[in-house]
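Asks:
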Amino acid sequence: MIENPVVLFDGVCNFCNYWVNFALKRDKKKKLKFSPLQGETARQILEKYNFNTTALSSVILIDKNRIWTQSSAAIRICKYLKGGWKLCYGLIIIPKFIRDFFYNIIARNRYKWYGKRDKCMIPTPELRDRFLD
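Just so we're aligned: 20 in numbering that gives the first Met the number 0 is position 21 of the sequence shown, and the numbers increase by one with no gaps anywhere.
#1: How is the alpha helix (DSSP H) around Lys95 delimited, first residue to last?
#2: Does the beta carbon of Lys81 come closer than 9 Å to any beta carbon on chain B?
#3: What distance in whole Å lies between the Cβ atoms of Asn51 and Arg116, which are believed to be in contact at a cut-off of 8 Å?
#4: Between Asp62, Lys28, Arg25, which has its C-alpha nearest Leu7's C-alpha?
#5: Can you confirm whether the segment 38-51 touches the segment 60-76 when touching is taken to mean that 3 or more C-beta pairs between the two stretches lie within less than 8 Å?
#6: Please report the distance separating the alpha-carbon of Cys77 from that of Thr40.
#7: What separation, rounded to the nearest whole angstrom, lies between the Cα atoms of Ser71 and Lys95?
#8: In terms of alpha-carbon separation, which member of Trp84, Asp9, Glu2 lies closest to Ala22?
#9: Output the boundary residues of the alpha helix (DSSP H) element that contains Leu45.
#10: Indicate the three-state DSSP secondary structure (helix, strand or coil) for Cys15 in the structure shown.
#11: By Cβ distance below 8 Å, which residues in the same chain neighbour Val58 in space, the five residues on each side in sequence not counted?
#12: Out of curiosity, what's the CA-to-CA distance linking Leu126 and Phe100?
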């Protein structure tokens, strides 16, 4: 069982990296751990949970031994952020098919709109303990 919530993200996506940095700054209790989907740790975690790695989402949250994807992952991550961001969890009442419709528009176009890196971000020494890979 994974102790801390783990956020698996697209490590080469500029948009995803922006949101990882956003979460890092607002997760004052340092509960969230991060790993790029392209890394070995993410592969091992997803295998452990028998998650179909051919259908990778741009963000996956493993929390309390459950996997959350797409808008459900993004909304649940907000529970760990300080300030008004916790209120975003209230969006969970919107039916998943509606939330995911909008989420998928962004996910499909994220490279076109925000660009792509050649390799995954390398965390600074201060943030290294927050990353699993």
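Note that beta-carbon positions come from the ideal geometry of N, C-alpha and C, so glycine has one too.
Replies: Taking the definition as stated:
#1: Looking at the DSSP string, the run of the alpha helix (DSSP H) that includes Lys95 is 95-113.
#2: Although the question refers to chain B, the structure presented lacks it and comprises just one protein chain.
#3: Approximately 25 Å separates the beta-carbon atoms of Arg116 and Asn51; this is outside 8 Å, ruling out the contact.
#4: Asp62
#5: yes
#6: 23 Å
#7: Approximately 7 Å between the Cα atoms of the pair.
#8: Trp84
#9: 39-47
#10: Three-state result, Cys15: helix.
#11: Val6, Leu7, Phe8, Asp9, Cys15, Trp18, Thr68, Gln69, Ala72, Ala73, Ile76
#12: 33 Å
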